[in-house]
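Structure, as structure tokens:
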């Protein structure tokens with residue numbers, strides 16, 4: 052079940068909201084747990100058991116770590132943490148990477164081992180990272196172990212962020228699992244945020260995704276058409292995933308949870324370093340907190356820092372998928388970030404902002420091209436086309452550009468950070484809220500009356516597009 056389906060929008064969500072607000076507060080976590088299991092089972096009935104096993108496994112290990120620490124047995128607590136991490140990674144590795152490993156063994160040795168053909172459980176990368184962060188934080192003493200297994204299961208399975216993030220660390224919602232309330236204002240803000248996310252997904256990501264889908268299947272591409280396709284995919288993946296994150300954050304607020312922001316206008320970045328501070332913030336934060344800093348971060352000299360960056364980006368690439376293009380994508384960004392750390396970042400800061408912006412977007416589009424092409428041969432062919440191997444321009448480019456000009460302009464405008472413009476309009480008054488266009492717009496006077504009208508308009512138009520549009524993927528489901 053996806054957020055942009057009629058089953059979710061017209062049946063599942065209204066029923067869950069109605070039941071949530073009529074049931075006693077003490078029963079709401081149980082209701083959310085049941086609803087979340089139904090939500091997940093709609094697409095993955097068998098793998099619900101796997102998710103429940105992970106829930107019980109991490110709950111038990113969290114309790115054991117707490118017990119051993121209270122008994123002053125740090126060695127046993129550490130062993131329990133290691134068992135927990137190895138268990139989680141083994142489950143993730145088996146379901147996500149087994150066939151990848153077997154395929155590469157066959158390619159290298161000619162062993163002819165049979166592939167397992169295991170279906171990838173939806174959202175396993177997200178909920179596995181969430182549960183690992185919980186046990187690590189319990190071990191570090193940053194959170195208390197959750198004693199109520201139903202509350203813990205609610206955290207793990209919470210449907211707004213279950214299958215495509217953002218990655219919600221337990222410590223950010225621990226208090227809200229027990230004590231939360233939703234005012235009319237909170238609910239309306241959540242609903243408005245959800246409508247913006249749905250519009251991003253349906254009106255922007257799906258439409259430009261159709262262009263990428265068409266171009267990527269063409270046999271002969273001029274450089275101009277290939278670049279247009281790569282730019283289309285860059286917009287699609289941004290508005291697809293940021294739209295999903297907006298919907299998740301909005302749904303969370305409707306149920307009393309405050310998830311952290313996951314995007315902050317990444318296409319306004321002036322360096323690759325800045326880009327990764329703005330894109331998929333929950334994943335970047337996870338790797339920084341649980342991998343980069345424990346490895347030593349930047350505290351052990353430049354050489355060790357560069358090594359740590361490369362390790363993090365190898366793992367980031369692997370996290371996204373079991374294909375060589377994802378490993379190459381991780382290496383690509385690891386090398387770029389190393390170059391910026393060594394000398395380039397300081398030079399970029401001295402140049403006009405537009406230079407850094409063009410530099411960043413050029414490299415980001417290259418990166419998304421690597422990300423999109425899971426077949427290395429197809430990737431090589433696409434890069435050949437991008438850099439003139441099939442000619443500079445053809446009639447297809449002008450046709451696609453003419454048909455999608457208005458959409459491309461809208462995509463650019465919706466990628467812009469408007470905070471600077473708002474500051475000018477308000478004559479220098481500081482805008483304190485950050486993170487997304489909703490927060491920016493909210494600072495404008497007179498917005499309260501307009502929000503419901505705009506929300507209804509976005510929902511109506513989005514529904515109209517969903518009725519007539521058969522192209523409605525969610526790109527991050529496969530990760």
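In my numbering, the protein residues as written are 52 to 530. Idealized CB from N, CA, C, for every residue including glycine.
**Q.** Those runs of the alpha helix (DSSP H) which lie wholly inside the stretch 103-138 and span at least 4 residues
**A.** none
Q: Could you tell me whether the Cβ atoms of residue 304 and residue 240 are closer together than 8 Å?
A: yes
Q. From 334, 362 and 335, pick the residue whose C-alpha is nearest to that of residue 347; which is it?
A. 362
Q: Measure the C-alpha to C-alpha separation of residue 500 and residue 407 and round it to an integer number of angstroms.
A: 39 Å
Q | Residue environment, residue 268, which counts as buried when at least 16 other CB atoms sit within 10 Å | A | exposed
Q | Between the CA atoms of residue 327 and residue 383 - distance to the nearest angstrom | A | 13 Å
Q. If you drop the 5 nearest sequence neighbours on each side, which residues of the same chain put their C-beta closer than 7 Å to that of residue 334?
A. 218
Q: Provide the residue span of the alpha helix (DSSP H) that contains residue 299, from first to last.
A: 274-305
Q) Just how far apart, CA to CA, sit residue 371 and residue 377? A) 7 Å
Q: For residue 66, name the three-state secondary structure that DSSP assigns.
A: helix
Q | Separation of residue 86 from residue 227, as counted between CA atoms | A | 18 Å
Q | Nearest to residue 437 (by Cα), restricted to the options 366, 467 and 417 | A | 417
**Q.** Cβ neighbours of residue 242 in the same chain (closer than 8 Å, five flanking residues each side left out)
**A.** 301, 305 and 506
Q) Can residue 171 and residue 147 be called in contact, C-beta distance under 8 Å? A) yes
Q.
Restricting to Cα atoms, I'd like to know which of 283, 329, 274 and 125 is closest to residue 468.
A. 329
Q) Which class does residue 92 belong to by DSSP, given the choice of helix, strand or coil? A) helix
Q) Is DSSP giving residue 146 helix, strand or coil here? A) helix
Q: For residue 195, count neighbouring C-beta atoms within 10 Å of its own C-beta (all shown protein chains included) and say buried if the count is 16 or more, exposed if not.
A: exposed
Q. Sorry if obvious, but does the Cβ on residue 179 come closer than 7 Å to a heavy atom of the ligand ATP?
A. By its list of ligands, the structure shown contains no ligand whatsoever, and the ligand ATP lies outside what it can speak to.
Q. Is residue 404 buried or exposed, if buried means 16 or more other CB atoms sit within 10 Å of its CB?
A. exposed
**Q.** Residue closest to residue 253, alpha-carbon to alpha-carbon, out of 53, 464 and 454
**A.** 53
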